[in-house]
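Position one of the sequence shown corresponds to residue 1 (full-length UniProt numbering), numbered consecutively onward. For glycine and all other residues, C-beta sits at the position ideal for the given N, C-alpha and C. Shown next, in structure tokens, is the structure this report addresses.
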Amino acid sequence: MLEIVMVLAIVAMVIGGAVAMMVYSSSERQLRRASVDIEVMAKRARTIALLQQKPYAIVFMPGKIRLMPLAETTGVEDSLSSSRGSTRSSHSAEKPSEDDQPSPSAAAQQPVYDEIPVNSDMTLNVRRWASDKWLPMDERRPQIWRFDPEGLCEPISVRLVYEESWIEDTFNPLTASIADSATEFK
Numbered sequence: 001m002l003e004i005v006m007v008l009a010i011v012a013m014v015i016g017g018a019v020a021m022m023v024y025s026s027s028e029r030q031l032r033r034a035s036v037d038i039e040v041m042a043k044r045a046r047t048i049a050l051l052q053q054k055p056y057a058i059v060f061m062p063g064k065i066r067l068m069p070l071a072e073t074t075g076v077e078d079s080l081s082s083s084r085g086s087t088r089s090s091h092s093a094e095k096p097s098e099d100d101q102p103s104p105s106a107a108a109q110q111p112v113y114d115e116i117p118v119n120s121d122m123t124l125n126v127r128r129w130a131s132d133k134w135l136p137m138d139e140r141r142p143q144i145w146r147f148d149p150e151g152l153c154e155p156i157s158v159r160l161v162y163e164e165s166w167i168e169d170t171f172n173p174l175t176a177s178i179a180d181s182a183t184e185f186k
């Protein structure tokens, strides 16, 4: 009787481990993390565009996804750090007076930049609204996703492929959140 209980316990542990591996694979974890990061950045871009009343953009490039003001997307090949450097104050090292301090509303109008690195083994494609064609990431022609000050964004779909698994997210143009998602994990 003891042998049967031991065998059943070992079988239960093996099956439990196999089920856990099937439920949450490495590729699924990588794809879901990237999908959530893109959704969070999209919601942030929409919020910033509304608050600052300036159009913002998410720029999809090989190896990275950037958030920046739409007016600066013409020079997306410039480094993000040089873009940030242009917003720094040129005051001397002396302690600034109260008059030199930016007001809270002026600080809220400062351009916002962010960047998400994309795993080099992951492929990212964008599909524009009313199109059947998935556009690949290209350094010479980055894909730009626009967020207007009225709170609307361009309706797009993003496809992430990692190893043999993929996830496709279609974003809602009113909320910048994922409206529909299709997945296949292997």
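With distances taken between CB atoms, is the gap from residue i to residue j smaller than 7 Å?
| i | j | result |
| --- | --- | --- |
| K43 | A179 | no |
| residue 192 | T73 | Absent from the model: residue 192. The displayed extent of the chain is 1 to 186, so no value can be given. |
| P117 | V59 | no |
| G151 | L51 | no |
| W166 | E154 | no |
If residue i sits next to residue j, beta carbons under 8 Å apart, how far is it from one beta carbon to the other, in whole angstroms?
| i | j | result |
| --- | --- | --- |
| E139 | P62 | 6 Å |
| P149 | Q53 | 4 Å |
Buried or exposed for residue i, going by 16 or more other Cβ atoms inside 10 Å?
| i | result |
| --- | --- |
| M68 | buried |
| S120 | exposed |
| W129 | exposed |
| A18 | exposed |
| R66 | buried |
| L70 | buried |
| M41 | buried |
| E168 | buried |
| V126 | buried |
| I38 | buried |
| V112 | buried |
Straight-line CA distance for residue i to residue j?
| i | j | result |
| --- | --- | --- |
| K186 | K64 | 25 Å |
| L124 | L174 | 23 Å |
| S83 | V161 | With a pLDDT of only 41 at S83, under the threshold of 50, the placement of this residue in the model should not be trusted, and no figure is reported. |
| S26 | V158 | 20 Å |
| G16 | V5 | 16 Å |
| E115 | F147 | 16 Å |
| A45 | A57 | 7 Å |
| S89 | Q110 | With a pLDDT of 33 at S89, under the threshold of 50, the modelled position of this residue cannot be trusted; read the value that follows with caution. Going by the C-alpha atoms only, they are around 11 Å apart. |
| I48 | S35 | 20 Å |
| D132 | E28 | 25 Å |
| S181 | P136 | 19 Å |
| F171 | A12 | 41 Å |
| P55 | I10 | 59 Å |
| L2 | V14 | 19 Å |
| R32 | W134 | 20 Å |
| V7 | M122 | 42 Å |
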